[in-house]
Amino acid sequence: GAVVSQHPSWVICKSGTSVKIECRSLDFQATTMFWYRQFPKQSLMLMATSNEGSKATYEQGVEKDKFLINHASLTLSTLTVTSAHPEDSSFYICSAWTGGGEKLFFGSGTQLSVL
Amino acid sequence: QKEVEQNSGPLSVPEGAIASLNCTYSDRGSQSFFWYRQYSGKSPELIMFIYSNGDKEDGRFTAQLNKASQYVSLLIRDSQPSDSATYLCAVKTSGTYKYIFGTGTRLKVLA
Chain A
4 GAVVSQHPSW
14 VICKSGTSVK
24 IECRSLDFQA
34 TTMFWYRQFP
44 KQSLMLMATS
54 NEGSKATYEQ
64 GVEKDKFLIN
74 HASLTLSTLT
84 VTSAHPEDSS
94 FYICSAWTGG
104 GEKLFFGSGT
114 QLSVL
Chain B
617 QKEVEQNSGP
627 LSVPEGAIAS
637 LNCTYSDRGS
647 QSFFWYRQYS
657 GKSPELIMFI
667 YSNGDKEDGR
677 FTAQLNKASQ
687 YVSLLIRDSQ
697 PSDSATYLCA
707 VKTSGTYKYI
717 FGTGTRLKVL
727 A
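Residue numbers (the working numbering), protein chains in the order written: chain A, 4 to 118; chain B, 617 to 727.
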């Protein structure tokens with residue numbers, strides 16, 4: 004299957020700081036990438052859809068000024084959690100859509116802990 | 617509200633048995649169906665996808681789809697302890713990029 008790389012795997016930060024998470028499609032071009040959030044023992048919650056060269060589309064209830072998404076190229080999307088707070092602590096997962104194949108492949112996820 | 621529902625489990629089966637995981641969905645326009653396996657602390661891994669009614673087999677895994685009943689299932693034959701994980705059902709509606717995930721079923725295969 005397609006390879007999606009996500010970094011960092013885990014990050015611990017202080018409250019009020021910003022954290023950037025990178026998501027790269029390594030062996031294909033991803034015009035569309037998705038960012039999910041997952042709390043323990045819960046399912047994936049779609050936060051936003053990222054399209055290369057355009058503004059991200061955020062799901063209802065997700066603050067676009069807090070979760071900044073940039074999809075600058077066909078292989079890279081970034082999620083920046085600005086002014087992080089302890090309630091932002093979660094497992095963040097990116098995924099890339101392979102287009103015609105309709106399959107969704109996931110990055111390895113980033114565990115964010117905000118102290 | 618488009619929904620995908622799964623029994624959260626845990627579903628416990630003995631090693632070597634068949635594990636049967638079920639998923640129902642509410643949107644009749646759904647066209648593509650996926651099963652992902654997620655180990656604790658890891659991201660989901662695609663194990664099966666199915667688009668047409670009927671069965672699709674891949675090794676020890678069989679996906680079954682019944683669009684009339686809005687039901688999709690995953691069978692795991694000869695279950696192994698390494699199959700112990702949470703299995704997520706995902707549904708994609710034609711014409712959209714959105715995948716709706718169920719809450720997952722936790723499977724425990726007992727050695």
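Heads up, the beta-carbon is just placed ideally off N, CA and C, and yes, glycines get one too.
Note that the coordinates shown come from a computational prediction; the quantities given were computed from them, not determined experimentally.
Where residue i falls: helix, strand or coil (DSSP)
i	result
Glu90(A)	helix
Asp699(B)	helix
Leu47(A)	coil
Asn623(B)	coil
Arg644(B)	coil
Ala706(B)	strand
Thr101(A)	coil
Where the beta strand (DSSP E) through residue i begins and ends
i	result
Val22(A)	Val22 to Ser28
Asp674(B)	Gly670 to Asp674
Ser689(B)	Tyr687 to Ile692
Ile716(B)	Tyr715 to Phe717
Lys724(B)	Thr721 to Leu726
Val14(A)	Trp13 to Cys16
Ile634(B)	Premise fails: Ile634(B) is in no beta strand (DSSP E) and is neither H nor E.
From the options, residue whose alpha carbon lies closest to that of residue i
i	options	result
Thr113(A)	Ser86(A), Gly64(A), Lys67(A) and Asp91(A)	Asp91(A)
Gly641(B)	Ala684(B), Pro697(B), Ile692(B) and Ala727(B)	Correcting the residue type first, residue 641(B) is Tyr in the shown sequence and not Gly. Residue Ala684(B) is the option with its Cα nearest to Tyr641(B).
Val22(A)	Ala99(A), Leu107(A) and Thr81(A)	Thr81(A)
Asp694(B)	Gly625(B), Val620(B), Pro630(B) and Gln622(B)	Pro630(B)
His88(A)	Lys17(A), Ser28(A) and Ala5(A)	Lys17(A)
Asp674(B)	Met664(B), Phe717(B), Tyr687(B) and Gly718(B)	Met664(B)
Contact check, residue i vs residue j, beta carbons under 8 Å
i	j	result
Ser689(B)	Ser628(B)	no
Leu115(A)	Tyr95(A)	yes
Val620(B)	Val725(B)	no
Lys69(A)	Thr85(A)	yes
Ala99(A)	Ser46(A)	no
Phe37(A)	Ser93(A)	no
Leu681(B)	Gly670(B)	yes
Would you check if there are 3 or more beta carbon pairs closer than 8 Å linking the segment 64 to 78 of chain A to the segment 19 to 36 of chain A? Result yes; three or more Cβ-Cβ pairs closer than 8 Å.
Check whether the segment 689 to 703 of chain B touches the segment 641 to 654 of chain B, counting contact only when three or more Cβ pairs, one atom from each stretch, lie closer than 8 Å. yes
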